[in-house]
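Residue numbers (this note's numbering): 303 to 467.
Ideal Cβ placement from N, Cα and C applies to all residues, glycine included.
Working notes for the structure below.
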């Protein structure tokens, strides 16, 4: 599940469903406030971003909701709550801009991937996204299938050309 990137980032989890459900308008990086057992679970790859989202609360803090980080296997009774809301770390200007765009344009804050940067800090890639309608999703599927058909046709054509030479 975890894989190394050439930039030194260790991707722990990615939210592939977000690209299917949303039009991604803008991406940004945020730090995340974690407890010790949560960091250990992240390093083990025990995290799920599928149903998670972020919001800006009344105090001007960005909070990540529904991100499931499994309890640490060697933890004790003081282990963390798997679905607790987690604070995200952003600059004040970024937070105020996000607040304006989520309220006025109706955009959603969706996590795309969770990774460790080269310094070992847990980071979350957030996206400002607009939800896709059902017909948009169907069009995306049709386009993908058409692309696969073209690739198959080209591949079979190349095989046919190689046999003749």
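What number of angstroms, rounded off, separates the C-alpha of residue i from the C-alpha of residue j?
i           : j           : result
residue 385 : residue 350 : 10 Å
residue 400 : residue 364 : 9 Å
residue 437 : residue 409 : 19 Å
residue 443 : residue 327 : 20 Å
residue 332 : residue 423 : 11 Å
residue 391 : residue 341 : 16 Å
residue 455 : residue 461 : 10 Å
residue 457 : residue 346 : 39 Å
residue 446 : residue 318 : 15 Å
residue 376 : residue 395 : 40 Å
residue 402 : residue 418 : 29 Å
residue 459 : residue 448 : 16 Å
residue 393 : residue 404 : 16 Å
Compare the C-alpha of residue i against each of the options and name the closest.
i           : options               : result
residue 379 : 422, 458, 339 and 439 : 339
residue 433 : 311, 321, 312 and 310 : 321
residue 313 : 344, 332 and 376      : 344
residue 389 : 442, 426, 419 and 375 : 426
residue 329 : 428, 395, 440 and 317 : 428
residue 435 : 325, 318, 376 and 375 : 325
residue 323 : 375, 440, 451 and 452 : 440
Can you tell me the Cβ-Cβ gap for residue i and residue j, rounded? I've got them flagged as a contact below 8 Å.
i           : j           : result
residue 370 : residue 357 : That belief does not hold up - the Cβ atoms of residue 370 and residue 357 are roughly 17 Å apart, past 8 Å.
residue 362 : residue 397 : 6 Å
residue 430 : residue 411 : 7 Å
Quick one: what's got a C-beta closer than 7 Å to residue i's C-beta in the same chain, skipping five residues either side?
i           : result
residue 353 : 368
residue 310 : 420
residue 355 : 367, 368, 410, 411 and 412
residue 262 : Absent from the model: residue 262. The displayed extent of the chain is 303 to 467, so no value can be given.
Determine whether the Cβ of residue i lies closer than 9 Å to any Cβ atom of chain C.
i           : result
residue 371 : Note that chain C does not occur in the displayed structure, where there is just one protein chain.
Going along the chain, which residues of its own chain have a beta-carbon closer than 6 Å to the beta-carbon of residue i, five neighbours each way excluded?
i           : result
residue 315 : 349, 351 and 416
residue 307 : Interpretation of residue 307 is limited by its pLDDT of 48, a score under 50 that renders its predicted location unreliable; no figure is taken from the coordinates.
residue 337 : 382
residue 406 : none
Who are the Cβ neighbours of residue i in its own chain at under 8 Å, not counting the five residues just before and after it?
i           : result
residue 360 : none
residue 373 : 339, 343, 381, 382 and 384
residue 387 : 365, 366 and 367
Check your understanding: What are the start and end residues of each continuous alpha helix (DSSP H) run of 4 or more residues lying completely inside the region 326-386, in chain order?
Key -> 338-345
Review point. Which whole runs of the beta strand (DSSP E) in the region 412-442 are 3 residues long or more, in chain order?
Key: Counting only unbroken stretches of 3 or more residues, the beta strand (DSSP E) elements lying wholly within the region 412-442 are 424-433, in sequence order.
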